[in-house]
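Going from the sequence shown to this note's numbering is simple: count from 1 and add 4. Quick notes on the structure that follows.
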Amino acid sequence: MQGDPLRAGVVVALWLLLGLFVLYPLACLLIRAFSDDGGFTLGPIVGALGNPTHLRALRNSLVLASLVGILGTAAGFLFAYAAERTDMSRNARRLIDFIILLPLISPPFTTSIGFVFSFGPRGLITHDLLGMQNAQVYGWASTTCAEALTYFPLAFLALRPLIAAIGGDLEEAGFSLGGSRWQVFRTITLPLTMPGLGNAFLLIFAASLADFATPLILAGNNLPVLPTDAYLQITGMFDLKGGAVLSLLLLVPAGLVFFAQRYLVERRSYVTITGKSGGRARGAGATAWLRWVLWAACAAVTLFILYLYALLAYASAVVAFGANATLTLDNYRVIFTEGVPAIKDTLIIALIGMPLGGLYGVIVGYLIARSRGFGRHMIEIVSMINYALPGTIVGIAYLIAFNDQPFALTGTATIIIACYIFRYSPTGIRTTVALLQQVDRSIEEASFSLGASSLRTFRSVTLPLILPAFFAGLGTVFIRAMTAISATIFLVSINWTLITVRILENMTEVALGPAAAFSVFVIVVVLGVTSLLNVALRRMTTLRVSSLGTAS
Numbered sequence: 005m006q007g008d009p010l011r012a013g014v015v016v017a018l019w020l021l022l023g024l025f026v027l028y029p030l031a032c033l034l035i036r037a038f039s040d041d042g043g044f045t046l047g048p049i050v051g052a053l054g055n056p057t058h059l060r061a062l063r064n065s066l067v068l069a070s071l072v073g074i075l076g077t078a079a080g081f082l083f084a085y086a087a088e089r090t091d092m093s094r095n096a097r098r099l100i101d102f103i104i105l106l107p108l109i110s111p112p113f114t115t116s117i118g119f120v121f122s123f124g125p126r127g128l129i130t131h132d133l134l135g136m137q138n139a140q141v142y143g144w145a146s147t148t149c150a151e152a153l154t155y156f157p158l159a160f161l162a163l164r165p166l167i168a169a170i171g172g173d174l175e176e177a178g179f180s181l182g183g184s185r186w187q188v189f190r191t192i193t194l195p196l197t198m199p200g201l202g203n204a205f206l207l208i209f210a211a212s213l214a215d216f217a218t219p220l221i222l223a224g225n226n227l228p229v230l231p232t233d234a235y236l237q238i239t240g241m242f243d244l245k246g247g248a249v250l251s252l253l254l255l256v257p258a259g260l261v262f263f264a265q266r267y268l269v270e271r272r273s274y275v276t277i278t279g280k281s282g283g284r285a286r287g288a289g290a291t292a293w294l295r296w297v298l299w300a301a302c303a304a305v306t307l308f309i310l311y312l313y314a315l316l317a318y319a320s321a322v323v324a325f326g327a328n329a330t331l332t333l334d335n336y337r338v339i340f341t342e343g344v345p346a347i348k349d350t351l352i353i354a355l356i357g358m359p360l361g362g363l364y365g366v367i368v369g370y371l372i373a374r375s376r377g378f379g380r381h382m383i384e385i386v387s388m389i390n391y392a393l394p395g396t397i398v399g400i401a402y403l404i405a406f407n408d409q410p411f412a413l414t415g416t417a418t419i420i421i422a423c424y425i426f427r428y429s430p431t432g433i434r435t436t437v438a439l440l441q442q443v444d445r446s447i448e449e450a451s452f453s454l455g456a457s458s459l460r461t462f463r464s465v466t467l468p469l470i471l472p473a474f475f476a477g478l479g480t481v482f483i484r485a486m487t488a489i490s491a492t493i494f495l496v497s498i499n500w501t502l503i504t505v506r507i508l509e510n511m512t513e514v515a516l517g518p519a520a521a522f523s524v525f526v527i528v529v530v531l532g533v534t535s536l537l538n539v540a541l542r543r544m545t546t547l548r549v550s551s552l553g554t555a556s
């Protein structure tokens with residue numbers, strides 16, 4: 005199998021693609037930032053670090069990411085603990101799961117638009133309910149809260165299985181020694197979740213550090229951050245080199261966070277899961293008063309998220325939110341007339357990128373899981389680079405690399421599709437690796453021993469076993485193709501544009517109704533496609549199980 009020419013050809017093709025769409029753009033970015041008159045120089049970086057405005061933006065980015073990380077991790081832990089340590093009904097859990105995951109499948113402006121509608125000068129809460137005049141929504145508080153609401157589901161997804169994996173044996177031992185619930189939580193439960201808490205914090209920190217959309221809408225003039233400053237440097241001052249330099253200031257903290265997060269994940273110890281037979285006791289449940297406190301807090305956050313989305317739908321169906329509440333479909337007429345090119349382009353790019361990204365993810369994941377030696381680690385690291393870097397860096401790198409010959413792709417759909425595939429496929433890659441680690445190699449070796457080729461073995465044996473990873477890759481690439489903007493804002497053109505770019509244009513032009521209508525459209529499409537993918541996965545899994553049962 006190791007000497008299979010097909011496998012070797014796939015590896016060569018993969019390295020060519022990684023070189024072209026990952027390493028080459030990053031090299032072009034570094035060359036543009038560190039070169040002057042054909043020679044190497046640190047002048048631009050030193051100048052940026054010596055500029056008080058840029059230093060302030062860097063400091064703001066780090067402080068904002070830290071605040072969002074703390075709030076988001078706390079909220080995620082609260083929801084995860086409530087889901088696993090209280091007798092919350094199954095229907096309530098499903099409802100909460102659905103509502104709090106909405107921000108992850110929505111355009112990045114959705115929460116920001118909701119905050120403007122709620123707390124702006126004509127906001128429903130500030131103006132209509134509290135009677136405040138000229139309320140200011142822009143600044144630290146709104147940006148921090150909006151990002152925390154958007155990203156805390158990442159902490160919830162990371163912490164929930166970890167809390168569920170903590171058995172009750174250790175906690176019961178703590179109680180038997182006379183410990184109170186607080187002492188057991190502080191000395192046993194919390195220490196066991198610390199690696200997960202650190203991982204969740206770093207996930208949210210990295211997401212906030214790379215967030216382009218929320219600060220652009222809510223930060224205002226008093227809260228400059230590096231992603232938006234780099235964007236304005238290029239689009240406002242037409243200074244591509246300056247934008248490249250500013251984006252590189254994010255490279256060091258983003259890289260440190262990525263490697264720290266990987267270290268925590270790889271070093272995590274599941275010492276509560278032993279090899280002893282028998283059922284594992286469920287962790288100690290919350291007391292009655294704590295249960296009600298947790299439920300109340302979860303309900304408050306969940307209802308507020310639901311309120312923001314209901315407000316978004318309402319704003320899309322009135323003439324002018326805050327001024328004219330007459331119901332109308334004019335905003336939807338706008339997006340289905342003037343917005344048709346953006347809708348068409350976005351759907352074409354998403355539908356092409358989805359299968360390519362899903363297939364790329366399982367192929368790379370397969371090579372990582374089934375290869376040996378140094379090469380597999382190099383493939384894993386390089387395939388994660390675009391995912392680890394903030395979208396601003398990736399977008400500017402692609403703009404520099406593919407703006408001129410020999411790879412002039414600027415203005416085409418290819419560059420946008422490639423950006424999505426090589427930036428968002430790591431979800432499918434990591435899921436594939438995790439699944440294949442549970443599959444014994446002897447299953448595939450049996451196929452080879454019967455004379456099957458590598459391609460037939462992969463198609464008939466391996467792929468059915470990793471269908472969840474394939475569909476995870478499909479869903480992730482499609483969702484990001486419909487909702488992402490931080491990288492692709494630099495890659496759109498008169499020939500190819502995106503719905504998220506149209507939302508940004510509407511927000512800057514204070515056309516809030518069409519912006520809300522575009523957002524509702526994206527949410528409906530994403531929910532529809534992801535639901536179809538889930539149904540398809542269940543049916544394919546059922547058919548496979550049925551066929552195996554018939555064969556046996």
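C-beta: ideal position from N, C-alpha, C; glycine also.
Over what stretch of residues does the beta strand (DSSP E) that includes residue i continue unbroken?
| i | result |
| --- | --- |
| Ala324 | 322–324 |
| Leu331 | 328–331 |
What is the rounded straight-line gap between the Cα of residue i and the Cα of residue j?
| i | j | result |
| --- | --- | --- |
| Gly343 | Gln409 | 32 Å |
| Ala301 | Phe83 | 9 Å |
| Leu222 | Tyr267 | 33 Å |
| Gly80 | Ala162 | 8 Å |
| Ile420 | Val338 | 25 Å |
| Ala405 | Arg380 | 26 Å |
| Leu547 | Val529 | 27 Å |
| Ser281 | Thr431 | With a pLDDT of 44 at Ser281, under the threshold of 50, the modelled position of this residue cannot be trusted; read the value that follows with caution. Computed Cα separation, rounded: 33 Å. |
| Leu18 | Phe426 | 11 Å |
| Ile74 | Leu260 | 18 Å |
| Trp299 | Ser387 | 41 Å |
| Gly517 | Ala319 | 6 Å |
| Ser8 | Ile372 | Checking the displayed sequence, the identity of residue 8 turns out to be Asp instead of Ser. Straight-line Cα distance between these residues: approximately 16 Å. |
| Ala211 | Arg542 | 31 Å |
| Ala488 | Ala417 | 15 Å |
| Asn407 | Thr414 | 5 Å |
| Asn55 | Phe44 | 21 Å |
| Thr350 | Leu30 | 26 Å |
| Ile397 | Ala491 | 7 Å |
| Leu133 | Asn95 | 32 Å |
| Ala258 | Ala392 | 7 Å |
| Tyr364 | Val533 | 20 Å |
Check this for me: beta carbons of residue i and residue j, under 8 Å apart or not?
| i | j | result |
| --- | --- | --- |
| Thr130 | Phe123 | yes |
| Ser446 | Gly477 | no |
| Thr115 | Leu312 | yes |
| Gly361 | Tyr424 | yes |
| Ile117 | Ile483 | no |
| Leu166 | Gly200 | yes |
| Phe205 | Thr77 | yes |
| Gly47 | Asp40 | yes |
| Val249 | Ala61 | no |
Which stretch, first to last residue, makes up the alpha helix (DSSP H) that contains residue i?
| i | result |
| --- | --- |
| Leu471 | 471–487 |
| Glu448 | 445–453 |
| Ser457 | That residue, Ser457, is in no alpha helix (DSSP H); it is neither H nor E in DSSP. |
| Gln237 | 230–239 |
| Thr466 | No alpha helix (DSSP H) holds Thr466; DSSP gives it neither H nor E. |
| Arg126 | First-last for Arg126: undefined, no H or E at that position. |
| Asn95 | 94–104 |
| Ala17 | 9–22 |
| Phe160 | 144–169 |
| Asp349 | 344–374 |
| Val249 | 244–252 |
| Asn390 | 378–392 |
| Asn557 | Since the first residue shown for the chain is 5 and the last is 556, residue 557 is missing from the structure and cannot be characterised. |
| Pro430 | 430–440 |
| Ile192 | Neither: Ile192 is in no alpha helix (DSSP H) and is coded neither H nor E. |
Less than 7 Å separating the Cβ of residue i from some heavy atom of the ligand ATP?
| i | result |
| --- | --- |
| Leu158 | No copy of the ligand ATP appears in this structure; indeed no ligand is present at all. |
When the Cβ atoms of the segment 450–465 are set against those of the segment 351–359, are three or more pairs found closer than 8 Å? Taking 8 Å as the limit for Cβ pairs, the verdict is that the segment 351–359 does not touch the segment 450–465.
Contained alpha helix (DSSP H) runs [length at least 4] in the segment 37–70, N- to C-terminal order: Every unbroken stretch of the alpha helix (DSSP H) spanning 4 or more residues and falling wholly within the segment 37–70 is given here in chain order: 47–53.
Check whether the segment 88–96 and the segment 246–254 touch, using three or more Cβ-Cβ pairs below 8 Å as the test. Judged by pairs of C-beta atoms under 8 Å, the segment 88–96 does not touch the segment 246–254, as fewer than three such pairs exist.
Are at least three pairs of beta-carbons, each pair with one atom in the segment 236–243 and one in the segment 99–107, less than 8 Å apart? No, because fewer than three Cβ pairs between the segment 236–243 and the segment 99–107 fall closer than 8 Å, the two stretches do not touch.
Touch check for the segment 191–205 and the segment 14–29: three-plus C-beta pairs under 8 Å? Short answer: they don't touch.
Quick check: the segment 457–467 against the segment 522–536, are there 3 or more CB pairs under 8 Å? Output reads no: the segment 522–536 does not touch the segment 457–467.
Check whether the segment 322–331 and the segment 496–508 are in contact - that is, three or more C-beta pairs closer than 8 Å. Counting Cβ pairs under 8 Å, fewer than three are found: no touch.
Touching by the beta-carbon criterion (3+ pairs, under 8 Å), the segment 433–444 and the segment 469–476: Because the criterion of three Cβ pairs below 8 Å is met, the segment 433–444 and the segment 469–476 touch.
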